[in-house]
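Participant: Submitted below is the structure of interest, expressed as structure tokens.
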Amino acid sequence: MPRVGVGEEVIHEYQQLTQKLDELVRKIFSEWSQLVDRQAMKRLDIPLMVRSQEKPGMLDMNFDKNVLKLFVEIHYWERVQFEIPHYVVDIYQRQEDLRNLRENVLLVVRAYNRIISALSTEERSLFRERIRFLDKKIQPGLTKLHWSSKGASSAFINDCLLHASKIQQIVDNYKASNLNISRCAQTISESLLLHIDGNRVFHDMEFQEAQEEHRRAVQSRLQKLHEEICSFMRTTYEVFKADGPEVQQHWIFYTKKIDRLVEEAFRLNIKWSLQELSKAINGDSKTSPSPLFRVMVILQNDFPGSTAERCARGDTLEPNPPLPEGHSRRGEEDTARCIVEFSPTLLQLANIVNRVCSEILIAISSFKRLPDILTKEKSSLDPIHNILERDEEIKKIQALISGGMATNATLLQAYLKTWDSFRMIWEPQKDTLIRRYRRLNPMVSAFDADIARYTELANNVQKQETVQNIQFVMLDCSQLKFALVQHCNEWQNKFTGLLRQMATEKLMELHAYLRDNAERVIRSPQTLEELAQSLTLYDTLQSNLSKVESQIMPIHDQFEILKKYEVAVEESVLNTLDSLNKAWLSFQQSLIDSETMLKKSKEKFKAGLIHTAEEFKKKSRSLLEDFAGRGPFSSSVGCEPALEQIAMFRQMMNTFKEEENTIRSGLSMFKIEQPGSKDIQAMEKDLDSLQLVWEATKEWEQNWGDWKSGRFLTLQTEIMENTAQGLFKRLSKLSRELKEKNWEVVETSRMRIDQFKRTLPLIVDLRNPALRERHWTQVKQEIQRPFDQTGDDFTLEKIVELGLDHHVEKINEISTAATKELSIEQALENITRTWEDTKLDIVSYKDKGHYRLRGTDEVFQALEDNQVSISTMKASPFVKAFEKEVDRWERCLSHILENIFMGEDIRKQLPQESAEFDQVNINWKNIMDRLNKDNNALRGTHFP
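Taking this note's numbering, the leading residue of the sequence shown gets 1, the next gets one more, and so forth.
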């Protein structure tokens with residue numbers, strides 16, 4: 001290299017710099033040597049580990065950073081060849097040992113911190129016993145073992161690492177279990193209880209059945225997942241089951257936490273399942289819902305075997321066979337009420353969806369709370385399915401589903417109205433309308449128009465859309481269209497059947513009319529009745545000729561319409577139709593021949609009737625005379641024989657009346673008036689009157705027979721009087737009406753009842769309940785004959801036998817007196833009862849053994865009332881029987897001594913007592929006069 005002028009300067013400057021740097025290094029080393037801690041070994045007299053201040057619960061390695069700095073400084077001073085001071089040589093010689101010890105301590109710290117950091121605050125409480133055990137193991141490293149210690153630290157570290165690894169394994173298992181539980185919970189939430197195949201459309205109960213099958217499979221899978229969670233929990237609990245109460249309490253908290261996780265998983269499952277259903281029903285914001293249900297539109301009614309039901313099954317309908325004459329299907333078709341309906345119905349469809357929704361919730365009702373399964377302490381929370389039923393999100397989704405169903409139901413109902421234009425096909429009752437149609441007797445042209453109208457309606461039905469989608473429902477109208485077409489066919493069959501039936505009936509009826517009447521009208525009459533019938537028949541047939549002839553052409557027209565629509569008609573009917581014109585000609589000829597024959601028969605029967613009428617007059621006169629001579633007009637005949645005779649005469653009279661009617665009817669045919677027989681009319685009137693008389697007589701004898709043998713005390717006098725009065729009125733009326741007849745039985749029966757009426761007051765008096773034994777004794781003394789009025793033989797007949805009816809006035813007096821005495825007796829009984837029940841109101845006075853009378857108003861009121869009653873009794877003329885009793889009560893109820901001492905006789909006998917009474921009476925009057933003038937309580941009671 002070439003030398004330059006500045007090279008030496010650079011070398012010189014370099015040497016100076018080197019010298020200065022060496023001096024600087026020596027100076028720094030000297031300063032370091034002076035500043036270095038001469039007691040560095042004492043810095044090792046600190047515990048190996050210390051609790052972290054920054055991360056509570058964790059450990060930090062407790063090695064002095066100044067020692068580490070010292071080791072680094074010594075290392076670099078040695079590299080620059082400086083001699084290390086002797087007071088740091090010892091600690092520097094232990095550098096390698098301390099490094100190994102630091103790494104081992106760091107392993108313990110990391111193992112401990114890894115355990116603590118892996119656990120949350122709640123989990124640390126659960127692992128309290130394990131952490132406490134590990135804390136005991138590392139406690140020497142926090143207190144006793146220092147960095148300066150030798151030998152013991154290695155055993156301590158190994159022991160700590162061993163136990164830390166064991167606990168770490170437990171924690172790892174615990175975390176793995178938690179992870180597995182989380183995965184199970186996630187699987188639970190994702191295993192939806194509802195599965196909807198977007199490419200499948202369900203019919204009838206298929207959706208419900210498919211969901212039930214899917215739900216059973218998912219429910220089984222959820223049950224296994226739930227059992228796995230319980231199994232993980234039980235395995236984890238094996239670690240803690242021997243721990244103390246605090247750990248057990250934290251285990252319960254942990255179980256509740258996992259239980260909430262499971263509950264949330266089920267909630268998400270239900271929520272997402274219902275969202276799937278809601279999406280299927282309502283669609284989403286981008287697309288409308290795809291068809292989910294196939295709903296058949298059918299013609300529905302509740303009549304088994306009806307047209308609509310057979311159509312719904314897809315049965316082929318045949319025309320109804322013709323019914324026998326006089327029969328109808330009124331009990332069948334008339335009861336059917338058809339409507340266009342969905343199958344399944346909207347209600348059934350809603351029930352299917354609602355059932356699926358409810359079954360989703362019910363599916364998880366079998367899952368119990370984890371605390372109920374894994375702990376002795378039962379959960380205080382409601383079952384999971386009850387909680388989810390109240391969940392707001394789930395309720396909102398259910399509301400969306402219900403809203404979608406309601407909206408769709410409205411659209412479906414609106415769709416149904418599009419079929420209203422075809423109501424005339426199914427709504428009218430066929431048999432009812434056909435019966436009404438038949439009564440109208442329509443023309444042939446009307447039949448033709450109505451049959452063609454239903455052909456047009458059937459074509460219009462076929463033009464309607466068969467399949468149509470309305471939101472999530474696919475409507476299938478094939479069955480409805482088929483049913484309506486079948487109804488149209490039925491209508492056509494009904495009309496053609498009716499036309500065939502009516503045409504056949506009219507044909508047969510007209511043919512029979514011509515044949516039968518032709519035979520009847522030419523038949524010669526043998527009796528008067530037959531003559532009348534033949535004349536009537538001839539006139540009727542003659543007047544109806546034009547009407548009958550007008551029926552022939554419409555019948556031919558009806559069969560032409562049947563031929564047009566290819567309706568099968570029996571061969572015998574067609575043969576009858578062909579012979580109709582011939583029968584009409586034959587019928588006309590029969591009427592001509594009949595007219596001549598009837599004129600001859602009328603002359604013959606007229607002569608015979610006139611002779612019969614004369615003979616009848618003689619016989620009726622003879623019958624009336626026989627009744628007048630042998631009739632039951634005397635009372636000696638007896639009721640039963642008399643009524644039998646009347647019935648016999650009435651039967652004979654009715655026979656005569658029938659004969660008379662026959663004669664009169666026959667004569668009227670020849671315009672001869674024959675009046676009714678006066679003898680027969682008179683006899684009928686007498687028979688009616690005589691029967692009324694004997695019926696009243698019989699009724700009286702029956703009643704009298706019952707009354708006279710009955711026990712007297714049990715007789716119903718009111719009924720007897722009413723019965724007798726009614727019969728007497730009837731007989732009195734008949735007596736006036738039949739006065740001129742002089743029938744003895746009328747007056748005899750009336751007099752017997754009148755005699756009984758006069759004895760009724762006697763019966764009333766003798767049945768007076770006031771009669772006592774003393775009264776009966778008076779009656780016996782009056783008639784001077786003994787009898788036992790209480791015996792069973794004391795009857796109405798016995799009374800007549802004793803002659804009591806001859807003493808009516810006296811017995812009436814005794815009965816009246818008994819009534820008056822009864823009132824006195826009852827008044828005395830009332831007084832006795834009053835004083836038996838009256839109590840004095842006595843109360844204690846100042847609790848010192850004294851008593852006072854408190855209230856006497858009721859006592860004095862009763863006393864005054866009874867004294868008035870006693871006075872009234874004493875004034876009565878009927879008191880004699882109770883005189884002693886009345887006197888006794890008069891004495892008992894007297895409360896004034898004045899009545900005693902006012903008599904002169906008593907005052908003479910008791911002069912001293914009379915004087916004392918007078919003095920007391922005067923003093924009491926003075927006291928009461930003073931109190932009356934001054935009624936002040938204090939002054940009145942303290943008068944001097």
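For glycine and all other residues, C-beta sits at the position ideal for the given N, C-alpha and C. Computed from a prediction, not measured in an experiment: that's the story for all the values here.
Does DSSP put residue 47 in a helix, a strand or coil?
Facilitator: Within the sequence shown, residue 47 is the residue found at index 47, counting from 1. Three-state DSSP puts residue 47 in a strand.
Participant: Compute the Euclidean distance between the alpha carbons of residue 25 and residue 78, then round it to the nearest angstrom.
Facilitator: Indexing the sequence shown from 1 puts residue 25 at position 25. Indexing the sequence shown from 1 puts residue 78 at position 78. C-alpha separation (whole angstroms): 13 Å.
Participant: Residue ranges of each alpha helix (DSSP H) run of no fewer than 4 residues wholly in the stretch 366–447, ordered along the chain?
Facilitator: As far as the stretch 366–447 is concerned, its whole alpha helix (DSSP H) runs of at least 4 residues are 370–374, 384–389, 392–416, 423–426 and 430–440.
Participant: Drop a sphere of 10 angstroms on the beta-carbon of residue 943, count the other beta-carbons inside from all chains shown, and report buried for 16 or more, exposed for fewer.
Facilitator: By 1-based counting over the sequence shown, the position of residue 943 is 943. Exposed.
Participant: Determine the burial state of residue 404: buried for a count of at least 16 other Cβ atoms within 10 Å of its Cβ, exposed for fewer.
Facilitator: Counting from 1 along the sequence shown, the entry for residue 404 is found at position 404. Classification for residue 404: buried.
Participant: For residue 343, which three-state DSSP category applies?
Facilitator: For the purposes of this step, residue 343 is taken as residue 343 along the sequence shown, with counting starting at 1. It is a strand residue.
Participant: Grab me the residues of residue 372's own chain with a C-beta within less than 8 Å of its C-beta, minus the 5 sequence neighbours each way, in chain order.
Facilitator: Here residue 372 is taken as the residue at index 372 of the sequence shown, counted from 1. These residues qualify, in order along the chain: 378 and 379.
Participant: Within 10 angstroms of its Cβ, does residue 484 collect 16 or more other Cβ (buried), or is it exposed?
Facilitator: Against the sequence shown, residue 484 aligns to sequence position 484. By the 10 Å Cβ count, residue 484 comes out buried.
Participant: By how many angstroms is the C-alpha of residue 725 removed from the C-alpha of residue 643?
Facilitator: Against the sequence shown, residue 643 aligns to sequence position 643. Against the sequence shown, residue 725 aligns to sequence position 725. Looking at the two C-alpha atoms, the distance is approximately 23 Å.
Participant: For residue 828, I'd like the list of residues in its chain whose CB is within less than 8 Å of its CB, leaving aside the five on either flank, ordered along the chain.
Facilitator: As a first step, residue 828 must be located in the sequence shown, where it is residue number 828. Same-chain partners within the cutoff: 873, 882, 885, 886 and 889.
Participant: Between which residues of its own chain and residue 161 is the CB-CB distance below 7 Å, once the five residues before and five after are set aside?
Facilitator: Within the sequence shown, numbered from 1, the residue matching residue 161 stands at position 161. So the list reads 107, 108 and 111, once near-sequence residues are dropped.
Participant: Work out the CA separation of residue 838 and residue 912 for me, nearest whole Å.
Facilitator: Indexing the sequence shown from 1 puts residue 912 at position 912. Indexing the sequence shown from 1 puts residue 838 at position 838. In a straight line, the C-alpha of residue 912 is about 35 Å away from that of residue 838.
Participant: Compute the beta-carbon to beta-carbon distance between residue 394 and residue 263, rounded to the nearest angstrom, for a pair I have assumed lies under 8 Å.
Facilitator: The residue labelled residue 394 in the question sits at position 394 within the sequence shown. The residue labelled residue 263 in the question sits at position 263 within the sequence shown. The Cβ separation is near 13 Å, so there is no contact.
Participant: Can you tell me where the beta strand (DSSP E) holding residue 470 begins and where it ends?
Facilitator: Taking the sequence shown and counting its residues from 1, one reaches residue 470 at position 470. Its beta strand (DSSP E) spans residues 467–470.
Participant: Under the three-state reduction of DSSP, which class applies to residue 1008: helix, strand or coil?
Facilitator: Residue 1008 falls outside the range modelled here, since the chain spans only 1 to 944, and no answer is possible.
Participant: Buried or exposed, going by whether 16 or more other CB atoms sit within 10 Å of the CB of residue 147?
Facilitator: On the sequence shown, position 147 is the one that residue 147 refers to. That one is buried.
Participant: Which residues mark the beginning and the end of the alpha helix (DSSP H) in which residue 110 is found?
Facilitator: Looking up residue 110 in the sequence shown gives position 110. 95–118 is the extent of the alpha helix (DSSP H) around residue 110.
Participant: Could you tell me the distance, in whole angstroms, from the CA atom of residue 144 to the CA atom of residue 58?
Facilitator: Reading the sequence shown from its first residue, position 144 is the one you call residue 144. Reading the sequence shown from its first residue, position 58 is the one you call residue 58. One C-alpha to the other measures close to 19 Å.
Participant: For residue 936 and residue 930, what's the separation of their Cα atoms in angstroms?
Facilitator: Here residue 936 corresponds to residue number 936 of the sequence shown, with the count starting at 1. Here residue 930 corresponds to residue number 930 of the sequence shown, with the count starting at 1. Roughly 10 Å between the two C-alpha positions.
Participant: How would you write the range of the alpha helix (DSSP H) that residue 561 sits in, first residue to last?
Facilitator: Locating residue 561 in the sequence shown gives position 561, counting from the first residue. From DSSP, the alpha helix (DSSP H) with residue 561 extends over 552–564.
Participant: In angstroms, rounded to a whole number, what distance separates the CA positions of residue 116 and residue 128?
Facilitator: For the purposes of this step, residue 116 is identified with residue 116 of the sequence shown, where counting begins at 1. For the purposes of this step, residue 128 is identified with residue 128 of the sequence shown, where counting begins at 1. Between residue 116 and residue 128, the C-alpha separation is close to 11 Å.
Participant: What first and last residue would you give for the alpha helix (DSSP H) that runs through residue 945?
Facilitator: Given that the chain is displayed from residue 1 to residue 944, the structure contains no residue 945 and the question cannot be resolved.
Participant: Any chance the stretch 440–455 sits against the stretch 490–507, with 3 or more Cβ pairs inside 8 Å?
Facilitator: Touching, per the Cβ criterion.
Participant: Going by beta carbon distance, what residues of the same chain come within less than 7 Å of residue 227, once the five residues before and after it are set aside?
Facilitator: Within the sequence shown, the letter at position 227 stands for residue 227. Around residue 227: no qualifying Cβ.
Participant: First and last residue of the beta strand (DSSP E) that includes residue 300?
Facilitator: Counted from its first residue, the sequence shown places residue 300 at position 300. Segment 293–300, the beta strand (DSSP E) holding residue 300.
Participant: Output the boundary residues of the alpha helix (DSSP H) element that contains residue 779.
Facilitator: Within the sequence shown, residue 779 is the residue found at index 779, counting from 1. Looking at the DSSP string, the run of the alpha helix (DSSP H) that includes residue 779 is 773–783.
Participant: Among all the DSSP beta bridges, which residues are the ones paired with residue 473?
Facilitator: As a working note, residue 473 is residue 473 in the sequence shown. The partner list for residue 473 (beta bridge, DSSP) reads 293 and 470.
Participant: Looking at the secondary structure, which residues open and close the alpha helix (DSSP H) in which residue 193 lies?
Facilitator: Here residue 193 refers to the residue found at position 193 of the sequence shown. From DSSP, residue 193 is part of no alpha helix (DSSP H); its letter is neither H nor E.
Participant: Which residues in the same chain as residue 320 place their Cβ atom closer than 6 Å to its Cβ, once the five residues preceding and following it in sequence are excluded?
Facilitator: By one-based count along the sequence shown, residue 320 stands at place 320. Only weak support is given to the placement of residue 320: the predicted model assigns it a pLDDT of 43, under 50, and the question is left unresolved by the model.
Participant: Is the beta carbon of residue 605 closer than 8 Å to that of residue 531?
Facilitator: Taking the first residue of the sequence shown as position 1, residue 531 is located at position 531. Taking the first residue of the sequence shown as position 1, residue 605 is located at position 605. Cβ atoms of residue 531 and residue 605: closer than 8 Å.
Participant: Whole angstroms are fine: how far does the CA of residue 254 sit from the CA of residue 265?
Facilitator: Here the question's residue 265 lines up with position 265 in the sequence shown. Here the question's residue 254 lines up with position 254 in the sequence shown. Taking the straight line joining both Cα atoms gives about 17 Å.
Participant: Measuring only the C-alpha atoms, how far is residue 35 from residue 85?
Facilitator: As a first step, residue 35 must be located in the sequence shown, where it is residue number 35. As a first step, residue 85 must be located in the sequence shown, where it is residue number 85. Cα-Cα distance, rounded: 11 Å.
Participant: Quick check: what's the CA-CA separation for residue 326 versus residue 476?
Facilitator: As a working note, residue 326 is residue 326 in the sequence shown. As a working note, residue 476 is residue 476 in the sequence shown. In this prediction, residue 326 has a pLDDT of 38, which is less than 50 and means its spatial position is unreliable; nothing more can be read from the coordinates.
Participant: Alpha carbon to alpha carbon, how far is residue 138 from residue 241? Give it in angstroms, no decimals.
Facilitator: Here residue 241 refers to the residue found at position 241 of the sequence shown. Here residue 138 refers to the residue found at position 138 of the sequence shown. Going by the C-alpha atoms only, they are around 25 Å apart.
Participant: For residue 836, count neighbouring C-beta atoms within 10 Å of its own C-beta (all shown protein chains included) and say buried if the count is 16 or more, exposed if not.
Facilitator: Along the sequence shown, one-based indexing puts residue 836 at 836. Residue 836 is exposed by the Cβ-count criterion.
Participant: Am I right that residue 480 and residue 298 are in contact with their C-beta atoms under 8 Å? What's the rounded C-beta distance?
Facilitator: Start at 1 with the first residue of the sequence shown, and residue 480 comes out as number 480. Start at 1 with the first residue of the sequence shown, and residue 298 comes out as number 298. With 8 Å as the limit, residue 480 and residue 298 qualify as a contact, their Cβ atoms being about 6 Å apart.
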